[in-house]
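Below is one structure, written out as C-alpha cells; comments come after it.
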Amino acid sequence: MAQYSEELDGLFVALADPTRREVVRRLGRGPQSVGDLARAFPITLPSFMKHVRTLEANGLIRTTKSGRVRTCALRRERLALVDGWLAEQRRIWEDRTDRLERLVTEEEQ
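Numbers given in the numbering used here equal positions in the sequence shown, counted from 1, plus 58.
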C-alpha cells in the first residue's frame with residue numbers, strides 16, 4: 059500500500075502544475091518533440107525541461123532521443139492509477155451520500 063501511495067503522490071505532484079497538465083493534454087493527441095511542446099509556453103527551454111523531467115520521473119511520459127530531437131510520448135497506463143483512485147473516492151462519497159439520503163428520508167417518514 060505504501061508503494062501505491064508513493065506512486066500516486068508522485069503522479070499528483072506532477073499533475074499539480076498547470077504547465078505539466080497542459081503538456082499531458084497535448085501529448086494525449088500523440089507524441090511531440092520537446093521543441094514543439096516548448097513553443098506553446100512562455101518560458102525558457104531549460105525551465106520547460108524541468109517540467110519534462112518531472113513528468114518523466116513520475117512515469118507520466120517517456121522520452122526518446124533520435125539525433126538532436128527528443129520526443130515525448132504519454133504513458134496512458136499511468137493515468138489509470140489516478141483514475142482508479144478517483145473511482146474509489148467516488149464510490150466512497152456516493153455510499154456516504156446514499157446513507158445520508160436514507161437517513162433523511164427515514165426521519166421524514
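Every residue, glycine too, gets a C-beta built ideally from N, C-alpha and C.
Computed from a prediction, not measured in an experiment: that's the story for all the values here.
Buried or exposed: where does residue i fall if 16 or more other Cβ atoms within 10 Å of its Cβ makes it buried?
i	result
residue 136	buried
residue 70	exposed
residue 98	exposed
residue 145	exposed
residue 126	exposed
residue 60	With a pLDDT of 49 at residue 60, under the threshold of 50, the modelled position of this residue cannot be trusted; read the value that follows with caution. Its Cβ having fewer than 16 others within 10 Å, residue 60 is exposed.
State the start and end residues of the unbroken alpha helix (DSSP H) segment that holds residue i.
i	result
residue 79	76 to 85
residue 205	Residue 205 is absent from the structure shown; the chain starts at 59 and stops at 167.
Residue i lies in the beta strand (DSSP E); which residues open and close that run?
i	result
residue 122	119 to 124
Is it the case that the Cβ atoms of residue i and residue j are separated by a distance below 8 Å?
i	j	result
residue 89	residue 115	no
residue 133	residue 150	no
residue 64	residue 139	no
residue 129	residue 91	yes
Let me know the secondary structure DSSP gives residue i once reduced to three states.
i	result
residue 128	strand
residue 102	coil
residue 133	coil
residue 142	helix
residue 88	coil
Skipping 5 residues on each side, what residues in its chain have a beta carbon closer than 6 Å to that of residue i?
i	result
residue 103	96
Tell me which same chain residues have a C-beta within less than 8 Å of the C-beta of residue i, skipping the five on either side of it?
i	result
residue 74	none
Excluding five sequence neighbours on each side, which residues of the same chain lie with their C-beta closer than 7 Å to the C-beta of residue i?
i	result
residue 237	Outside the shown range of the chain, which is 59 to 167, sits residue 237, and nothing can be said about it.
residue 77	99, 109
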